[in-house]
Amino acid sequence: MMQVGAAPCNVDRFGVVFRPSPHHTDCVTFAANKLCSDIRNSGSVDCHSNCNRSTSQVSLFLCSDSTNRRNGLLGGPLCVNPSGRRNLVGPASYSVETSAYDVAALEPPTHVAEEKVGVLLLNLGGPETLNDVQPFLFNLFADPDIIRLPRLFRFLQRPLAKLISVLRAPKSKEGYAAIGGGSPLRKITNDQALAIKKALETKGLSSNVYVGMRYWYPFTEEAIQQIKRDRITRLVVLPLYPQFSISTTGSSVRVLEQAFREDAYLSTLPVSIINSWYQREAYIKSMADLIEKELQSFSEPKEAMIFFSAHGVPVSYVEDAGDPYRDQMEECIFLIIQELKARGVSNEHTLAYQSRVGPVQWLKPYTDEVLVELGKKGVRSLLAVPVSFVSEHIETLEEIDMEYKELALESGIKNWARVPALGLTPSFITDLADAVIEALPSAKAMYPRISTSEDVDHDPVKYFIKLFFGSFLAFILFLSPKMIMAFRNHVI
C-alpha cells in the first residue's frame, strides 16, 4: 500500500476552497480557470478563499449556506487544485449532486476543518511467484462474482474453487513461468500509484494513495484497514478497469461495501467511486496515440487491421444480471475509432473477447476463433490492442503475445504487432489524476449514521413534556371501557 501528501489549494465552482502553494500565486478555479475575484460575484453560497497562504495540509472551508445545512449537505466540498479542461467522468456511486455546491460571494469562513484525502486504486492482483499460483486461483474462483452459483448451491463455492484451482494450477504455472515466474501487476500498479500521487501534487492536491488487490497481496481489505489507521477524511475509489463489470469493479466494490457497512468510522467516511472511465477524452486520445504509433511499425500501415481484444465475461452476466460491460466496451471502441478517423486513420477494425473459462457461454466472438477466421479471409497484417487492460500482466504478456500471436501466424497472418498497455503513459496518468480531482466534491458516506436511542436529545424540558403526555395517554387508555371490561374479565 502506498501513501501520498498535500499541496496548493484554490476555489472551484463547487464551493471548494484550497490554499495555494508558494509556487501558485493566482487563485484559479478548478472548473473554469477564473480568478478568485470572478467567483466572489457568482452565486448563493458564502465561502472564503485564502489565496496568499500555503500549508502542508489541504484545508476544507465549510461554507455558511443555510440552504445546504437545512438539506443536510456539506457546506462546501473538498479543496482541490485547478486541472484545466474537464473531461467526462464515469458514473460515481455514493455521490451527491454537484449542483448543491454552487459558489457565491466569498466571506470569512464560519469554521475550518482539516481534510485528509485518500485515493484507493483497485486492481485484480496476481501471483508473484509460482508457489502463489494455486492459492491465487482459489481466491479468484471463490469469488461469487466470478463463479455465480444459484443460492441453493452457494455452499459449494469454496469446494468448487479448490477443485478448479488445483486442476488449473499446472497450466497457469506454465504461463507465469513463461513471463518470468510471476505477475508484474503489483509492481506496475505501485508505480502507477506513485505516478498518480505525483500528478496530484503538481495539481495542488496532497493525498495518500493506496493499492488494493482483489485476489492477491496487498488485498483490498488491507488497504481499507490502512485507510482507517490513517484517519482519511475523504476517499476517492479508482478501479483500474476502464469499463465496469460485475466481475471486476463490481466485485471489488462489494468488498468495500461490506467493510464500510460493518465499521462505524468507515460507514460515515465520504467516498466517491468512479465506476468507469472508458469515455474520458484523454483516455481515448491516449489509446489512439498508442495505436497510431504502433501502426507505423508495419511496412504498409494502412493495410493493418486493428484487432481489439477485450477480457470476456459470461453472457449470463450481461443478459441476466444486467452487466453493462459489453455496451461500454462497444462504446469505447467506437470512441477510439472516431478519434483515429479524426486523425486520418481509417484502418479496418474488429472486436473479440479473450480469457474464457469453464463450459458456460462467454461474450462472443472469441479471440482465438476470430484470429483463425481473419487468416482464412486473407488478412495479413494485424495490430492487437488489449483494450480492457491498462497494465501488462499474464493476459497481455502470455495470452496475447505468445498464444494468440502463434495462432495468428499459424492461421496465415504474416505481420503481427501489439499495442502496449497504457501503464505509465503521462497523458493517461494525468487524466487519472484529473478524474480523482473531479470526483472529490461528490464524495458521500456509503452508510450515513442512522440515529438511535443513544442519539436522542436529553433536553430535560423535552424529556418531561414527553413523559407527561405519554403518561396522560396511558392513563386515558387504561380507563377506557374496553380496558376496564378486559381487566374485570381477567380478574373474574
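Residue 133 is where the sequence shown starts when you use our numbering, and the numbers rise one by one after that.
Virtual Cβ for every residue (Gly too), placed ideally from N, Cα, C.
Item to complete: Determine the closest residue to Val-502 out of Ala-355, Ala-540, Val-519, with distance taken between C-alpha atoms.
Response: Of the candidates Ala-355, Ala-540, Val-519, the one whose C-alpha sits nearest the C-alpha of Val-502 is Ala-540.
Discussion item. Just to confirm the assignment: which complete beta strand (DSSP E) runs, minimum length 3, are found wholly within the region 401-457?
Written reply: Whole beta strand (DSSP E) segments, 3+ residues: 402-406, 437-443.
Discussion item. By the DSSP assignment, the alpha helix (DSSP H) with Thr-499 in it spans what residues?
Written reply: Note, Thr-499: alpha helix (DSSP H), 499-508.
Item to complete: Could you check what DSSP says for Ile-532 in three-state terms: helix, strand or coil?
Response: Three-state result, Ile-532: helix.
Discussion item. Among Gln-486, Lys-330, Thr-381, Val-369, whose alpha-carbon lies nearest the alpha-carbon of Leu-256?
Written reply: The shortest C-alpha separation from Leu-256 is found at Thr-381.
Discussion item. Taking only three categories from DSSP, how would you classify Gln-493?
Written reply: Looking at Gln-493 - three-state DSSP - the assignment turns out to be coil, as it is neither helix nor strand.
Worksheet item: Any heavy atom of the ligand COA closer than 7 Å to the Cβ of Leu-422?
Response: No copy of the ligand COA occurs in the structure displayed, which carries no ligand at all.
Discussion item. Is the beta carbon of Ala-484 closer than 8 Å to that of Ser-441?
Written reply: In contact: Ser-441 and Ala-484 (Cβ atoms closer than 8 Å).
Worksheet entry | Glu-394, buried or exposed, once every other Cβ within 10 Å from all chains shown has been counted against 16 | With fewer than 16 Cβ atoms within 10 Å of its Cβ, Glu-394 is classed as exposed.
Worksheet entry | Cβ-Cβ separation, Ser-384 to Val-249 (assumed contact under 8 Å), whole Å | In this structure Val-249 is not in contact with Ser-384, their Cβ atoms being roughly 20 Å apart against a cut-off of 8 Å.
Worksheet entry | Beta-carbon separation (whole angstroms), Ser-523 vs Thr-321, contact threshold 8 Å | The Cβ separation is near 6 Å, so the contact holds.
Worksheet item: Along the chain, where does the beta strand (DSSP E) that runs through Gly-544 open and close?
Response: Counting along the chain, Gly-544 sits inside no beta strand (DSSP E), nor does DSSP assign it H or E at all.
Worksheet entry | Residues near Tyr-397 by beta carbon distance below 7 Å, same chain, minus five either side | If we look at Tyr-397 and ignore the five residues flanking it on each side, its Cβ neighbours are Lys-360.
Worksheet item: Based on the DSSP output, what are the partners of Thr-482 in its beta bridges?
Response: Looking at the DSSP output, Thr-482 shares a beta bridge with Phe-439.
Discussion item. Once the 5 residues before and after Ile-469 are set aside, which same chain residues still bring their CB inside 7 Å of it?
Written reply: Correct list, in chain order: His-481.
Fill in: Exposed unless 16 or more other CB atoms sit within 10 angstroms - verdict on Pro-314
Before going on, a small fix: residue 314 reads as Gly here, not Pro. Buried, since its Cβ has 16 or more Cβ neighbours within 10 Å.
Worksheet item: Which partner residues does Tyr-342 have in the DSSP bridge list?
Response: Note: Tyr-342 sits in a beta bridge opposite Leu-252.
Item to complete: Would you check if the region 252-270 and the region 358-374 touch, i.e. whether three or more CB-CB distances between them fall below 8 Å?
Response: With a cut-off of 8 Å, the region 252-270 and the region 358-374 count as touching, because enough Cβ pairs lie within range.
Worksheet item: Which first and last residues belong to the alpha helix (DSSP H) in which Ala-309 is found?
Response: If you look at Ala-309, you'll find it in the alpha helix (DSSP H) that goes 289-310.
Worksheet item: Would Ala-655 pass as a contact of Ser-404 if the rule is Cβ separation under 8 Å?
Response: Residue 655 is absent from the structure shown; the chain starts at 133 and stops at 624.
Practice prompt. Within the same chain, show all residues whose beta-carbon is closer than 7 Å to that of Ala-391, passing over the 5 residues directly before and after it, in chain order.
Written response: The residues Glu-353, Ile-356, Leu-398, in chain order, have a CB closer than 7 Å to that of Ala-391 in the same chain once the five nearest residues on each side in sequence are set aside.
Worksheet item: On the premise that Gln-493 lies in contact with Val-447, defined as a C-beta separation below 8 Å, what is that separation, rounded to the nearest angstrom?
Response: With a Cβ gap of about 5 Å, Val-447 and Gln-493 count as contacting.
Discussion item. For Lys-576, list the residues DSSP reports as bridge partners.
Written reply: The partner list for Lys-576 (beta bridge, DSSP) reads Val-403.
Worksheet item: Exposed or buried, Leu-299, counting other C-beta atoms within 10 Å across all chains shown (16 or more means buried)?
Response: Under the 10 Å beta carbon count, Leu-299 is surrounded by fewer than 16 other beta carbons and is classified as exposed.
Worksheet entry | Whole-angstrom distance between Lys-434 and Ala-476, CA atom to CA atom | In the sequence under discussion, the amino acid at residue 476 is Gly, which differs from the Ala named in the question. It is roughly 10 Å from the alpha-carbon of Gly-476 to the alpha-carbon of Lys-434.
Worksheet item: Apart from the five residues just before and just after Asn-165, which ones in its own chain have a Cβ nearer than 6 Å to its Cβ?
Response: At Asn-165 the pLDDT is 34, less than 50, meaning the model places this residue with poor confidence and gives no usable figure here.
Practice prompt. Flag this pair as yes or no: are the beta carbons of Ala-310 and Val-265 separated by less than 8 Å?
Written response: Result no, Cβ atoms of Ala-310 and Val-265 do not sit closer than 8 Å.
Worksheet item: So Arg-318 is in the alpha helix (DSSP H); what residue range does that whole segment cover?
Response: 317-334 is the span of the alpha helix (DSSP H), which, as asked, contains Arg-318.
Worksheet item: What is the residue span of the alpha helix (DSSP H) that Val-385 lies within?
Response: Segment 383-393, the alpha helix (DSSP H) holding Val-385.
Worksheet item: How is Phe-351 classed by DSSP in three states: helix, strand or coil?
Response: Secondary structure of Phe-351 (DSSP, three-state): strand.
Discussion item. Considering only their Cβ atoms, is the gap separating Asp-563 from Tyr-347 smaller than 8 Å?
Written reply: Contact flag unset, no.
Item to complete: Give the straight-line distance between the Cα atoms of Phe-78 and Glu-246, rounded to the nearest whole angstrom.
Response: Nothing in the structure corresponds to residue 78, since the chain is present only between 133 and 624.
Fill in: Endpoints, beta strand (DSSP E) assigned at Leu-370
Run containing Leu-370: 366-371, per the beta strand (DSSP E) assignment.
Worksheet entry | Local conformation of Val-559 per DSSP, three classes | It is Ser, not Val, that sits at residue 559 in the sequence shown. The answer is helix: DSSP assigns Ser-559 an H, G or I state.
Fill in: 7 Å Cβ shell around Gln-460 - same chain, five flanking residues per side excluded
Cβ within range, chain order: Gln-375, Phe-376, Ser-408, Tyr-410.
Discussion item. To the nearest angstrom, how far is the alpha carbon of Ile-328 from that of Lys-335?
Written reply: Each residue's alpha carbon lies about 11 Å from the other.
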